[in-house]
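Enquirer: Take a look at this one; I'll ask things after.
Residue numbers (the numbering used here): 166 to 480.
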């Protein structure tokens, strides 16, 4: 039987002590419709901390006694990212809908006669993939999937299976997350969203997996392939406390409580010398290969974790 490793994140959230806690409250809205932008992200890059708005676009963020010139990045799928400062933030933050570059439109007749299943779990060691920011700010995980061969005409995503890992030291709660499908950018990294708003999904309580029917979206897979992305939402209903047991220099184990955000996705272990695995995590400065993570002191013993989704393509 294969050993099962569990990994929540590689960046342990450091304890930040503030002289005075200041709570910022407000609402992120669509600049045109004036409606709330669900689950928009707000991140302070200098503090390496962030949060997500709720389903109505409302947010509350705790910050310390920090400079009013500190930058805040406000972003959401389908909108242009705004850079503000704490001193210029108002209670209402308007985001402009993004204008993606027009792509060539080719109309295919969806036949659903030929199919191809891709399952990267086969023969691999299983790991749990949580917040790659160590629970400090919303992050995302991406993996590349090539367009299957012999799909000369149309190629579509029929369904997508997402597996989840159990939460250590806590119940396995229901949790919301965002699913995104991205095209491949010119530099080979995850690029523009193919689903304008992404899909906010909810993992049922104690669910080990969920299957998403993608046919209603008629998502045509480009010849260059796609990136499948799952994005954590830092909302109160997703928060839980993980109990970590860490061995000190004397050989004794000490328990620590660390705030995390569900769900924990099931992934696989890959060798760091594996040729171009094309798996990425979203950092404060953009997409980074998972092979750059320092895992020498973890259960992975120097290898890398990667998201692994089961995908069914059809014609």
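Don't be surprised by glycine CBs; every beta carbon is placed ideally from N, CA and C. Values in this document were obtained by computation on a predicted structure and should not be read as measured data.
Quick check on residue 414: does DSSP put it in helix, strand or coil?
Expert: In this structure, residue 414 counts as coil in the three-state DSSP scheme.
Enquirer: Taking the continuous beta strand (DSSP E) assigned at residue 248, which residues delimit it?
Expert: Run containing residue 248: 247 to 250, per the beta strand (DSSP E) assignment.
Enquirer: State the DSSP-derived secondary structure class of residue 456, mapped to helix, strand or coil.
Expert: It is helical.
Enquirer: State yes or no: is the C-beta of residue 386 within less than 8 Å of the C-beta of residue 444?
Expert: The answer is no: Cβ separation not under 8 Å.
Enquirer: Indicate whether residue 461 and residue 433 have their beta-carbon atoms separated by less than 8 Å.
Expert: Against a cut-off of 8 Å, the Cβ pair of residue 433 and residue 461 comes out as no contact.
Enquirer: With DSSP collapsed to three states, give me the class of residue 402.
Expert: DSSP places residue 402 in helix when its eight states are reduced to three.
Enquirer: Give every residue of the same chain whose Cβ lies closer than 6 Å to the Cβ of residue 376, excluding the five residues on either side of it in the sequence, and list them in chain order.
Expert: Result list for residue 376: 324 and 326, in chain order.
Enquirer: Given that a residue counts as buried once 16 or more other Cβ atoms are within 10 Å of its Cβ, and exposed if not, what is residue 416?
Expert: Exposed: under 16 other Cβ atoms inside 10 Å.
Enquirer: Where does the unbroken beta strand (DSSP E) through residue 479 begin, and where does it stop?
Expert: 475 to 479 is the extent of the beta strand (DSSP E) around residue 479.
Enquirer: Run the CB neighbour count on residue 350, radius 10 Å, all protein chains shown included, and call it buried at 16 or more, exposed below.
Expert: By the 10 Å Cβ count, residue 350 comes out exposed.
Enquirer: Would you be able to state if there are at least three C-beta pairs under 8 Å between the region 358 to 365 and the region 420 to 428?
Expert: No, because fewer than three Cβ pairs between the region 420 to 428 and the region 358 to 365 fall closer than 8 Å, the two stretches do not touch.
Enquirer: For residue 397, write down the residues that DSSP places opposite it in a beta bridge.
Expert: Answer is 342.
Enquirer: Rounded to a whole number of angstroms, what is the C-alpha to C-alpha distance between residue 251 and residue 219?
Expert: Each residue's Cα considered, the two are about 20 Å apart.
Enquirer: Is residue 414 buried or exposed, if buried means 16 or more other CB atoms sit within 10 Å of its CB?
Expert: Classification of residue 414: exposed, given that the 10 Å Cβ count is below 16.
Enquirer: Under three-state DSSP, which class holds residue 381?
Expert: Correct three-state label for residue 381: helix.
Enquirer: Is the distance from the Cβ of residue 206 to the Cβ of residue 198 below 8 Å?
Expert: The answer is no: Cβ separation not under 8 Å.
Enquirer: Between the Cα of residue 346 and the Cα atoms of 396, 372 and 263, which residue gives the shortest distance?
Expert: Minimum Cα distance to residue 346 is reached at 396.
Enquirer: What's the call for residue 468, buried or exposed, on a 16-neighbour Cβ count within 10 Å?
Expert: That one is buried.
Enquirer: Please confirm whether residue 202 and residue 241 have their CB atoms less than 8 Å apart.
Expert: Yes, the pair counts as a contact, with Cβ atoms nearer than the cut-off.
Enquirer: Going straight from the alpha carbon of residue 476 to that of residue 355, what length do you get?
Expert: C-alpha separation (whole angstroms): 18 Å.
Enquirer: Considering only their Cβ atoms, is the gap separating residue 285 from residue 340 smaller than 8 Å?
Expert: No, the pair does not count as a contact, with Cβ atoms beyond the cut-off.
Enquirer: Name the DSSP bridge partner or partners of residue 447?
Expert: According to DSSP, which records beta bridges pairwise, residue 447 is partnered with 452.
Enquirer: Report, in whole angstroms, the separation of the C-beta atoms of residue 213 and residue 304, which I expect to be a contact under 8 Å.
Expert: With 8 Å as the limit, residue 213 and residue 304 do not qualify as a contact, their Cβ atoms being about 11 Å apart.
Enquirer: With a Cβ-Cβ cutoff of 8 Å, do residue 291 and residue 431 count as a contact?
Expert: Against a cut-off of 8 Å, the Cβ pair of residue 431 and residue 291 comes out as a contact.
Enquirer: Near residue 374, what residues of its chain come up, given a Cβ to Cβ distance below 7 Å and the 5 sequence neighbours on each side ignored?
Expert: Cβ within range, chain order: 326, 327, 328 and 329.
Enquirer: Using a Cβ-Cβ cut-off of 7 Å (strictly less than) and excluding sequence neighbours within five positions of residue 200, which residues of its own chain qualify?
Expert: Correct list, in chain order: 194.
Enquirer: With DSSP as the reference, identify every bridge partner of residue 322, one or two as the case may be.
Expert: 478, per the DSSP bridge assignment.
Enquirer: Would you mind reading off the limits of the beta strand (DSSP E) that contains residue 330?
Expert: Looking at the DSSP string, residue 330 is not in any beta strand (DSSP E), and its letter there is neither H nor E.
Enquirer: In or out: residue 425 buried (at least 16 other Cβ within 10 Å) or exposed?
Expert: Residue 425 is buried by the Cβ-count criterion.
Enquirer: Do you know how far the Cα of residue 358 is from the Cα of residue 266?
Expert: In this prediction, residue 266 has a pLDDT of 46, which is less than 50 and means its spatial position is unreliable; nothing more can be read from the coordinates.
Enquirer: Could you spell out the range, first to last residue, of the beta strand (DSSP E) harbouring residue 546?
Expert: Because residue 546 is not part of the residues shown, which for the chain are 166 to 480, the question remains open.
Enquirer: Compute the Euclidean distance between the alpha carbons of residue 309 and residue 435, then round it to the nearest angstrom.
Expert: If you take the alpha carbons of residue 309 and residue 435, they lie about 14 Å apart.
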